[in-house]
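Colleague: Please see the structure below; I have some questions.
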Amino acid sequence: MANLSLKHIYKVYPNGAKAVNDFTMEIEDKEFIVFVGPSGCGKSTTLRMIAGLEDITAGELKIGDLVVNDVEPKDRDIAMVFQNYALYPHMTVFENIAFGLRLRKMPREEINRRVQEAAEILGITEYLGRKPKEMSGGQRQRVSLGRAIVREPKVMLLDEPLSNLDAKLRTQMRSEIAKLHKKLGTTFIYVTHDQIEAMTMGTRIVVMKDGFVQQIDTPKNLYNYPGNKFVAGFIGTPQMNFFEGTLKKVGDFVEVAFKYTDAKVVVPYFYFYKTRPSYLDGKTNVIIGLRAENVSLDPAEVANSNATIKVKISHKEELGNETLIYGDINMDGDGYTESSTRIIIKSIDEVEYTAGDIVEAALDLDHVHLFDAATEISILPRIPEFNYLDCEVHGRTLTFLGQGVELPPAIVCESGVGELLIPSDAIKLGGDIVANVIGTEVILGKKLLSMELGGRRIFAVVDEEVTTPTVNISIDMKKITLLRDGKEIVSPMPETVSFDGNLTKKKVVEDVPETEEERAKRLAKGKKDANAEGEENAAAEEPVRTKSKKVVKFSLKIEGAEFPAPDEIAQKLIAALTIKRVFEKDYRFECTPYDLTIAEEGIEAHVEGICDYGAERFAKCTVGEKVIYIKLDDSIATLPKSIHLVPDIEKLAIIQADMDIRLV
Ligand code: ADP
């Protein structure tokens, strides 16, 4: 029983294949986690790194409270079940299950007890005397599960354990494994390429593609709130319908136009509050996603809907309890080819359709999904990145949603109207603005507060739940963006500072205290000499001496300035095994404006000016070509033209530049 922590885990194989990138996840004790994705996406590699069967290139893996990067597989307290069972053919089922315990020299009675108990849980007690070849695939997989169970591991790892079984047995074993998980109360991590297996078994699912985690969430949330088109299409059968289209805001409404057809629906703007307005220009291509059950041919629903489109029916698939109707929203489309006009509709009514029928379909836009056509990332996110508002600047006052806010000295802009982007994490609790509370929703551990202000809904990510009917808020002005005629006239202050550099190593001569051993040796020798002279030697009072020694020192060379690297950081960099020649590589060092201090020596920076955001002040500096910001203490009133900066080494992210691997 254990929780696991994976922090910035990477795997680069010796041939240069980057199989896993920046895998970060906290797994709670007793969770059933499923890694799912198409073949080659890196799921087995991740599992094998947890098992200790593959080295971790970079990152930190903890099982319980222990960092296990360098711990042998046998000492990790995990058990693994493989697709091919890996049973010994010459041993009986009992011997196969007991094998690992015997290797550990466990007492005979304890082995018997554990094997019997596991066999009972798995329903294979009567087969304990058989050889594996006398058993079916399902039974063999039970034996291999048994062998894992008797180890009583903290974590069970299962790599596609059911893919050798036929469909019926797979379904049965699926529920047996889920039951087993409940019974054992152990953390399970399960790898599969089958999304149905993932959806039915996992308490949380990690969807992977091309070595990158796409999304981590519960089955239900992945289905309802896919973060990108890949997840939307991968999870759920039949696959979500995807249409190309454009969105155009006209007053308080938005026209959704489908490409390659004249289909168009008009919906209230509030559906798109979380969408960046630049997508609502009627020109930018977007992808519109609707699941088969969110389209209806039911005449009553069609009659009541104000979002209907024409569909030309092509064929159907009877699934018993429901029927999938295939069609096309392009009257010239065939309904068979997967295209951006083909549509699949889940129908429960009894109406018979004939190929070529043209019918009206109602779209349930409460469940619409929208994706950027190029990046395929959701443009209707659950947690909106920004609040998109109309605004006006008049002198030093910024007005939005009926509120007037004084602009801090750091923000300079001419009077006029514009668009204001306030990040949802830039609205803080406490302040002069009073908003009506709609509610707080907890999404992936974050609290999203919905409020009403000046007739509009606004969103804030907050630290504490708000239960009062109204709330006082303020805006973190360093995070806002102001657009005029589509051009950015006020930009947010960058939240990260990035430097270039590398790692250096040198041998230096240093005075170091003698070791216990050296001291003992020296004292023994001194005693002998002293005895020869017939004098007493007060060994206990003899002070520890220092010795000059050659020691290896590691330094971070950041923008030409050298900083000693703590051993722990140096070791992490060197431990990135497949990246040879650590010392010749280029690194990127990242921190925040809060992690830099001004000192006598350090990174040379030229001060461009002081940005006063009211509550906080920052110095805008250049380091070479780079523009960076540093937080200023209240005590600092003025700055010379040239200053030196020291980063907080503990807070630095160190990224190997050409492979883009975060090492620390
Ligand atoms: P999955 O389990 O999702 O099918 P894997 O984790 O097995 O994917 O593989 C991820 C990627 O790493 C693939 O591109 C694969 O070709 C590559 N890979 C896996 N094992 C090795 C290896 N031993 N050496 C080099 N590349 C490998």
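Using numbering that gives the first Met the number 0, count along the sequence shown one by one with no gaps and you end on 663.
Glycine is no exception: its CB is placed at the ideal position from the N, C-alpha and C atoms.
Tell me which same chain residues have a C-beta within less than 7 Å of the C-beta of R616, skipping the five on either side of it?
Modeller: For R616, where only same-chain residues beyond five positions count, the Cβ hits under 7 Å are I609, C610, L631.
Colleague: Could you work out which residue in L397, V433, I382 is closest to D389 when comparing CA atoms only?
Modeller: Nearest of L397, V433, I382 to D389, Cα basis: L397.
Colleague: Would you list the residues whose beta-carbon is nearer than 6 Å to any heavy atom of ligand 1, in the order they occur in the chain?
Modeller: Those residues, listed in chain order, are Y12, N14, A16, A18, G36, S38, G39, C40, G41, K42, S43, T44.
Colleague: Between the region 154–162 and the region 115–131, do three or more beta carbon pairs fall short of 8 Å?
Modeller: Short answer: they don't touch.
Colleague: Please classify G559 as buried or exposed, where buried requires at least 16 neighbouring CB atoms within 10 angstroms.
Modeller: Exposed, since its Cβ has fewer than 16 Cβ neighbours within 10 Å.
Colleague: If V154 and T185 are in contact, beta carbons under 8 Å, what's the gap, nearest whole angstrom?
Modeller: Contact holds; Cβ gap of about 7 Å.
Colleague: Go to P563, then tell me how far its alpha helix (DSSP H) extends in each direction, as first and last residue.
Modeller: From DSSP, P563 is part of no alpha helix (DSSP H) but of the beta strand (DSSP E) over 560–563.
Colleague: Check whether the region 309–329 touches the region 248–260, counting contact only when three or more Cβ pairs, one atom from each stretch, lie closer than 8 Å.
Modeller: Flag = yes, the region 309–329 and the region 248–260 touch.
Colleague: What are the start and end residues of each continuous beta strand (DSSP E) run of 3 or more residues lying completely inside the region 564–651, in chain order?
Modeller: You should have 586–590, 595–598, 602–611, 616–622, 625–630, 641–646.
Colleague: On the criterion of 16 or more Cβ atoms from any shown chain inside 10 Å, does I376 qualify as buried, or is it exposed?
Modeller: Exposed.
Colleague: With H, G and I counted as helix, E and B as strand and the rest as coil, what does DSSP make of A291?
Modeller: Reduced to three states, the DSSP call for A291 is helix.
Colleague: Would you call the region 477–496 and the region 439–459 in contact, with 3 or more CB pairs under 8 Å?
Modeller: The region 477–496 vs the region 439–459: no contact.
Colleague: Under three-state DSSP, which class holds A425?
Modeller: Reduced to three states, the DSSP call for A425 is coil.
Colleague: Please say whether R173 and E196 have beta carbons closer to each other than 8 Å?
Modeller: Yes; because the gap between Cβ atoms is below 8 Å, this pair is in contact.
Colleague: Determine the closest residue to D216 out of K104, I26, T56, S304, with distance taken between C-alpha atoms.
Modeller: Considering only alpha carbons, the answer is I26.
Colleague: Taking I312 as the reference, give the member of L144, E292, E359, K445 with the closest Cα.
Modeller: Residue E359 is the option with its Cα nearest to I312.
Colleague: With H, G and I counted as helix, E and B as strand and the rest as coil, what does DSSP make of G533?
Modeller: Residue placement at G533 is poorly supported in this model, since its pLDDT is 48, which falls under 50; the coordinates still yield a value, given next. In the structure shown, G533 sits in coil (DSSP, three-state: anything other than H, G, I, E or B).
Colleague: If we count the other Cβ atoms within 10 Å of its Cβ and call it buried at 16 or more, is N14 buried or exposed?
Modeller: By the neighbour-count rule (16 or more Cβ atoms within 10 Å), N14 is not buried but exposed.
Colleague: Given this structure, state the Cα-to-Cα distance separating P563 from V508, to the nearest angstrom.
Modeller: Taking the straight line from one Cα to the other gives about 15 Å.
Colleague: Mapping DSSP to helix, strand and coil, what is D365?
Modeller: Of the three classes helix, strand and coil, the one that applies to D365 here is helix, per DSSP.
Colleague: Roughly how many angstroms lie between the CA atoms of L100 and I110, to the nearest whole one?
Modeller: Using only the alpha carbons, I get a separation of about 7 Å.
Colleague: For L576, I'd like the list of residues in its chain whose CB is within less than 7 Å of its CB, leaving aside the five on either flank, ordered along the chain.
Modeller: Legend: pLDDT at L576 = 49, less than 50; position of this residue unreliable, value from coordinates given subsequently. Here the set comprises D54, T56.
Colleague: Give every residue of the same chain whose Cβ lies closer than 6 Å to the Cβ of V92, excluding the five residues on either side of it in the sequence, and list them in chain order.
Modeller: Excluding positions up to five away in sequence, the list reads Y126, L127, R129, V142.
Colleague: Please give the ranges of any beta strand (DSSP E) in the region 51–129, keeping only runs that are unbroken, at least 3 residues long and fully inside the region.
Modeller: Here the runs fully enclosed are 57–62, 77–80.
Colleague: Counting C-beta neighbours from all protein chains within 10 Å, is the total for G533 16 or more, i.e. buried, or is it exposed?
Modeller: With a pLDDT of only 48 at G533, under the threshold of 50, the placement of this residue in the model should not be trusted, and no figure is reported.
Colleague: From R587 to I573, what distance separates their C-alpha atoms?
Modeller: Approximately 16 Å between the Cα atoms of the pair.
Colleague: Helix, strand or coil: how does DSSP classify Y12 here?
Modeller: Of the three classes helix, strand and coil, the one that applies to Y12 here is coil, per DSSP.
Colleague: For the beta strand (DSSP E) that contains P512, what are its first and last residues?
Modeller: 496–512 is the span of the beta strand (DSSP E), which, as asked, contains P512.
Colleague: Excluding the five sequence neighbours on either side, which residues of its own chain have a C-beta within less than 6 Å of the C-beta of F81, listed in chain order?
Modeller: Answer for F81: D158, listed in chain order.
Colleague: The beta strand (DSSP E) spanning I382 covers which residue range?
Modeller: Counting along the chain, I382 falls outside any beta strand (DSSP E), and DSSP gives it neither H nor E.
Colleague: So, helix, strand or coil for N227, using DSSP?
Modeller: Looking at N227 - three-state DSSP - the assignment turns out to be strand.
Colleague: List the endpoints of the continuous beta strand (DSSP E) containing H180.
Modeller: That residue, H180, is in no beta strand (DSSP E); its alpha helix (DSSP H) goes 166–183.
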